[in-house]
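A.B. asks: Once you've had a glance at the structure underneath, I'll fire off some questions.
In the UniProt record's numbering, the protein residues as written are 1 to 207.
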């Protein structure tokens, strides 16, 4: 991770009010695909990691039993709570949580895990650890939208910000999911440096 959790939290809190209006077309396309692929059932509990202002969490709350939205930025979560209240959604819980420590109760059921444009802040070994944590929730499906390389990025026109971002290759992420007992059932190419990966559980957790 190129910055500490606290530094990232402060950076995102500072721009929370303008965050939704500042995002690229690729971000919105990615978010739409994550929402479509998550496809929760009415009795599903969704864990949305790096939830930000709730782009994914609020959309999925309309179809799921409950959405656990986790982020490190209090400013971003406040925006999410405000939007949830405006929409009359009372089944979304915004609370502090990190990728490797999502802040769940020990017996919390999770059916679907989502994340959009957040995991790329971690180094590759940290991403693998985070995907292991996602798998350990017991979720049957994980949908990840993120900055990730299909090919070598153009050094003169990077899609990401090298000073704060550390994207992985798509292959690295796919391998991390398969190592955790998931089958990658879809890889959507939004941009040469933006992917949506859908992983379905094929192996039970050890007893």
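Just so you know, even glycine gets a beta-carbon here, dropped at the ideal spot from N, CA and C.
These numbers were taken from a predicted model, which means no experiment stands behind them.
#1: List the DSSP bridge partners of residue 96.
#2: Run through DSSP, which three-state label would residue 48 get?
#3: Between residue 67 and residue 55, which are expected to be in contact by the criterion C-beta below 8 Å, what is the C-beta distance as a whole number of angstroms?
#4: What residue range does the alpha helix (DSSP H) around residue 174 cover?
#5: Residue 88 lies in the beta strand (DSSP E); which residues open and close that run?
#6: Give the secondary structure of residue 109 by DSSP, where H, G and I count as helix, E and B as strand, and everything else as coil.
#7: Please classify residue 71 as buried or exposed, where buried requires at least 16 other C-beta atoms within 10 Å of its C-beta.
#8: Just how far apart, CA to CA, sit residue 112 and residue 171?
#9: Less than 8 Å between the CB atoms is what I'm expecting for residue 195 and residue 187, so what's the real figure, rounded?
#10: Hey, residue 116 and residue 34 are a contact pair by Cβ (cut 8 Å); roughly how many whole angstroms apart?
#11: What are the boundary residues of the alpha helix (DSSP H) that includes residue 129?
#12: I need the DSSP call for residue 145, collapsed to helix, strand or coil.
#13: Once you ignore the five residues that flank residue 130 on each side, which residues in its own chain have a CB closer than 7 Å to its CB?
#14: Among 182, 169, 47, 180, which one has its Cα closest to the Cα of residue 105?
#15: Where does the unbroken alpha helix (DSSP H) through residue 26 begin, and where does it stop?
#16: Do you know offhand how far residue 200's Cα is from residue 167's?
#17: Within the same chain, show all residues whose beta-carbon is closer than 6 Å to that of residue 145, passing over the 5 residues directly before and after it, in chain order.
#18: What residues match up with residue 191 in a beta bridge as DSSP calls it?
C.D. replies: This is what the structure gives:
#1: Residue numbering aside, residue 96 sits at position 96 when the chain shown is read from its first letter. The partner list for residue 96 (beta bridge, DSSP) reads 71.
#2: By 1-based counting over the chain shown, the position of residue 48 is 48. If DSSP states are grouped into helix, strand and coil, residue 48 belongs with the strands.
#3: In the chain shown, the residue the question calls residue 67 occupies position 67. In the chain shown, the residue the question calls residue 55 occupies position 55. Actually they do not touch by this definition, with Cβ atoms about 12 Å apart.
#4: On the chain shown, residue 174 is found 174 positions in, with the first residue counted as 1. Residue 174 -> alpha helix (DSSP H) spans 170-179.
#5: The count along the chain shown starts at 1 and reaches residue 88 at position 88. Where residue 88 is concerned, there is no enclosing beta strand (DSSP E), given that its DSSP letter is neither H nor E.
#6: Locating residue 109 in the chain shown gives position 109, counting from the first residue. Coil at residue 109, not helix or strand.
#7: For the purposes of this step, residue 71 is taken as the residue at position 71 of the chain shown. Buried, since its Cβ has 16 or more Cβ neighbours within 10 Å.
#8: As a position in the chain shown, residue 112 is number 112, starting the count at 1. As a position in the chain shown, residue 171 is number 171, starting the count at 1. Whole-angstrom Cα-Cα distance: 22 Å.
#9: The sequence position of residue 195 within the chain shown is 195, counting from 1. The sequence position of residue 187 within the chain shown is 187, counting from 1. Indeed they touch by this definition, with Cβ atoms about 6 Å apart.
#10: Translated into positions along the chain shown, residue 116 becomes position 116. Translated into positions along the chain shown, residue 34 becomes position 34. In this structure residue 116 touches residue 34 by the C-beta definition: roughly 5 Å separates them, less than 8 Å.
#11: Translated into the one-based positions of the chain shown, residue 129 becomes position 129. Element bounds for residue 129: 124-136.
#12: One-based indexing of the chain shown puts residue 145 at position 145. Strand, per DSSP.
#13: Residue 130 sits at position 130 when you count from the first residue of the chain shown. Answer for residue 130: 99, 100, 119, 122, listed in chain order.
#14: Numbered from its first residue, the chain shown carries residue 105 at position 105. The candidate whose alpha carbon is nearest that of residue 105 is 47.
#15: As a first step, residue 26 is located in the chain shown; it is residue number 26 there, counting from the start. Boundaries of the alpha helix (DSSP H) harbouring residue 26: 25-38, taken from the DSSP string.
#16: Stepping through the chain shown from its first residue, residue 200 is reached at position 200. Stepping through the chain shown from its first residue, residue 167 is reached at position 167. Residue 200 and residue 167: Cα-Cα distance of roughly 22 Å.
#17: Counted from its first residue, the chain shown places residue 145 at position 145. Cβ within range, chain order: 30, 34, 116, 196.
#18: Counted from its first residue, the chain shown places residue 191 at position 191. 194.
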